[in-house]
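Its first residue numbered 53, the sequence shown is counted upward by one per residue in the numbering used here. Yeah, the Cβ is synthetic: ideal placement off N, Cα and C, and Gly gets one too. Predicted model only: the values in this text are computed from it and were never measured.
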Amino acid sequence: MIWFTEHWTEGVGLTVKASEVKRIKSKYQEILVLDTPEFGKMLILDGLVQTTERDEFIYHEMLAHPGMVMHPNPERILIIGGGDGGTVREVLKHRSVKEVHLCEIDEEVILVSEKYFPTISEKLKDPKVKIFIEDGNSFIEEKKDFYDLIIMDSSDPVGTSQVLFKREFYEKVKNSLRKNGIMVAQTESPILQEEYFSKAFSEIRKVFRNVGVYLAYIPTYPSGMWSFTIASDFVDIKDTSQNTARLKELKTKYFCDSIYACLFSLPKFIQEIIRKS
């Protein structure tokens, strides 16, 4: 057994007791799979926890379903990042979906996930899914007025992911959306990564007319409090009274009608961060 620590800041982190299952160096990053007593298998990229068997459903459900429910008829979906397949699995729970494109820069993440995380990656071979091993920033330039929903399942804004948190990229996302299109992005921890959170929200608000922030509580992510930012030019994303019948069709463990109804209820300190962004 070993002790693994993800350092959230210089003074705080997450430490787990684990056994090493797999460690490889891909073209882009170090990929590590650990087996832990509390969280099951854990996927780590360059020292940062990406997902675990025990709590992955919280992140993937909250990243996928709010935007899917808000859209009047989501048929064509793009997921940038998310090579573990969890977000693919969740969007395919919606009967309207005809096509899902997954754009993941590192094929090794997909291969590792298929081998060691079968309950997360189980839908990657679904006939509705097409996988592109490409850089999301370049890939999206070729898709104008094409998608109903674009989901940013990106890793932390370091290295190759930094560009995915900038206004220029969000402009490309907007151009790739059809009428009524919606973008959803994970936007880090408002507590331990306030600067990243505030900057991402600010950049998205410069591009889209309607923007909202919501939260989920994910034990293995920095501070446990995690933010998501959703945006659209045409859909009033703050109106959570629409399309609620779809919620009854979903088999979920975290996302539900009561969470959806108060999705944008935020603590005062986060409202203040947003106001100043």
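(request) Kindly indicate which residue of Pro319, Phe260, Arg106, Lys300 has the alpha-carbon position closest to the one of valine 121. (result) Along the sequence shown, read from residue 1 onward, the residue named residue 121 stands at position 69. By alpha-carbon distance to valine 121, the top candidate from Pro319, Phe260, Arg106, Lys300 is Lys300.
(message) Per the DSSP calculation, serine 71 is bridged to which residue(s)?
(response) By one-based count along the sequence shown, residue 71 stands at place 19. Asp87.
(message) Ignoring anything shorter than 4 residues, give me the alpha helix (DSSP H) runs that lie fully in the stretch 110-187, in order along the chain.
(response) The qualifying runs are 138-143, 159-168, 170-173.
(request) Reducing DSSP to helix, strand and coil, say where phenylalanine 191 ends up. (result) Numbered from its first residue, the sequence shown carries residue 191 at position 139. Three-state result, phenylalanine 191: helix.
(message) Please list the terminal residues of the continuous alpha helix (DSSP H) segment that includes lysine 251.
(response) Taking the first residue of the sequence shown as 1, we reach residue 251 at position 199. Looking at the DSSP string, the run of the alpha helix (DSSP H) that includes lysine 251 is 246-257.
(message) Need the endpoints of the beta strand (DSSP E) that lysine 231 sits in, please.
(response) Counting from one through the sequence shown, the residue named residue 231 turns up at place 179. That run of the beta strand (DSSP E) goes 229-238.
(request) Could you tell me if aspartate 288 is buried or exposed, where buried requires 16 or more neighbouring beta carbons within 10 angstroms of its beta carbon? (result) Stepping through the sequence shown from its first residue, residue 288 is reached at position 236. Its Cβ having fewer than 16 others within 10 Å, aspartate 288 is exposed.
(request) Quick one: using the 10 Å Cβ neighbour count with 16 as the cut-off for buried, is cysteine 308 buried or exposed? (result) Within the sequence shown, numbered from 1, the residue matching residue 308 stands at position 256. Exposed: under 16 other Cβ atoms inside 10 Å.
(request) Over the uninterrupted beta strand (DSSP E) stretch that includes glutamine 323, give me the two end residues. (result) Looking up residue 323 in the sequence shown gives position 271. First-last for glutamine 323: 320-328, but that is the alpha helix (DSSP H), not the beta strand (DSSP E).
(message) Can you give me the C-alpha to C-alpha distance between histidine 146 and leucine 302, rounded to a whole angstrom?
(response) Taking the sequence shown and counting its residues from 1, one reaches residue 146 at position 94. Taking the sequence shown and counting its residues from 1, one reaches residue 302 at position 250. Each residue's Cα considered, the two are about 7 Å apart.
(request) Please state whether DSSP places glutamate 108 in a helix, a strand or coil. (result) By 1-based counting over the sequence shown, the position of residue 108 is 56. In the structure shown, glutamate 108 sits in a helix (DSSP, three-state: H, G or I).
(message) Taking only three categories from DSSP, how would you classify lysine 93?
(response) Translated into positions along the sequence shown, residue 93 becomes position 41. Strand.
(message) Please classify aspartate 197 as buried or exposed, where buried requires at least 16 other C-beta atoms within 10 Å of its C-beta.
(response) What you label residue 197 is simply residue 145 of the sequence shown in a count that begins at 1. Classification for aspartate 197: exposed.
(message) Please classify aspartate 200 as buried or exposed, where buried requires at least 16 other C-beta atoms within 10 Å of its C-beta.
(response) Indexing the sequence shown from 1 puts residue 200 at position 148. Looking at its Cβ environment, which holds 16 or more other Cβ atoms inside 10 Å, aspartate 200 is buried.
(request) Report the residue from Phe169, Gly188, Leu144 whose alpha carbon sits nearest the alpha carbon of proline 179. (result) As a working mapping, residue 179 is identified with position 127 in the sequence shown. Closest option to proline 179, Cα to Cα, is Leu144.
(request) Decide if methionine 46 is buried, meaning its Cβ has at least 16 other Cβ atoms within 10 Å, or exposed. (result) For the chain, the structure presents residues 53 to 329; residue 46 sits outside this window and is missing.
(request) Under 6 Å Cβ to Cβ from isoleucine 192, same chain only, skipping five residues before and after it: list those, please. (result) The residue you call residue 192 lines up with position 140 of the sequence shown. Counting only Cβ-Cβ distances below 6 Å, and skipping sequence neighbours, we find Lys224, Ser228.
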